[in-house]
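**Student:** Quick note on the numbering used here: the sequence shown kicks off at 2 and runs consecutively.
All C-beta atoms, glycine included, are put in the ideal place defined by N, C-alpha and C.
Because the structure is a prediction, the values reported are computed rather than measured.
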Amino acid sequence: MKSIVFIAPPAAGKGTQSIRICKEYHLSHISTGDLLREEINHDSEIGKRIKQIINDGFLVSDDIILSLLMRKLENIKGGYILDGFPRNLNQAIKYDEILNSQNKKLDYVIYINLDKELSKKRIIGRVSCPQCGNVYNNMLEENCPQKENICDNCQMPLIKRDDDNEEIFEKRYETYISETAPLIDYYQQKGILFEIDGSLLKDEIFKKICEVIND
Ligand code: ADP
């Protein structure tokens, strides 16, 4: 049973890669960003609050994240990838406590590194399929859909996330540097951090992650 965490700046490819790795290794995919977007779609009071926080580029409170995550983990059997969690030191410490209490351990932390300029370019052109979750980029030739704004797999019109624009990007990136980047040291010290160059092509990144997991 494998337990994997993905850490990366916005749009470095952690969603895309974690979906692919889950298929390859038969793992469950848990994206805290997706859990939050589901909550927003319910249009509840809490969903409205979450939407505001995400669209301001901040992190949602640890209490909300941990309760959504615990609910999800109850239904998961076998190995899983956490995509987007932990996102700050407090979440990492809380997660260690949860794992310890269940006599489990975290096997790998995959850190996909990407510089700010490329991260921004990827955010601004990013669109995804509401059905299969496949991610495309209208601004990057190597990642455009075959037909403009239509998913190659499902033929569904592609959608853009509310928080994928230049203004919110600046705040999201700042939040990443101040809150999430300290986790790199935290996991490096535990000897479970594996860094991958996020500027490589998708298939190359995938291969490198497989090499880490197969070792
Ligand atoms: P990204 O493309 O930036 O990696 P995600 O889909 O992972 O996007 O997350 C979108 C937003 O949801 C984040 O900018 C943040 O506001 C919120 N979020 C996701 N995961 C967490 C978390 N673990 N803790 C707090 N906020 C989170």
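#1: Hey, L100 and K106 are a contact pair by Cβ (cut 8 Å); roughly how many whole angstroms apart?
#2: Does the Cβ-Cβ distance between F86 and L70 come in under 8 Å?
#3: Rounded to whole angstroms, what's the CA-CA distance from D44 to D216? Just pull it up for me.
#4: Taking C-alpha atoms, which residue in Y81, D164, E149 and Y177 lies nearest to H30?
#5: Heavy atom of ligand 1 less than 7 Å from the Cβ of I66, yes or no?
#6: On the DSSP bridge assignment, give the partners of Y109 in chain order.
#7: Return the chain-ordered list of same chain residues with a C-beta closer than 8 Å to the C-beta of I117, the five sequence neighbours on each side being excluded.
#8: Among all the DSSP beta bridges, which residues are the ones paired with V1?
#9: Beta carbon of T17: closer than 7 Å to some heavy atom of ligand 1?
**Tutor:** Looking at the coordinates:
#1: 6 Å
#2: L70 sits close to F86, with the two beta carbons spaced by under 8 Å.
#3: Between the C-alpha atoms of D44 and D216 there is a straight-line separation of about 44 Å.
#4: Y81
#5: yes
#6: I5
#7: It is worth fixing the name first, because residue 117 is Lys in this sequence and not Ile. The beta carbon of K117 is closer than 8 Å to those of P10 and Y174 in its chain, skipping five residues each way along the sequence.
#8: Lying outside 2 to 216, the shown extent of the chain, residue 1 is not represented and no answer is given.
#9: no
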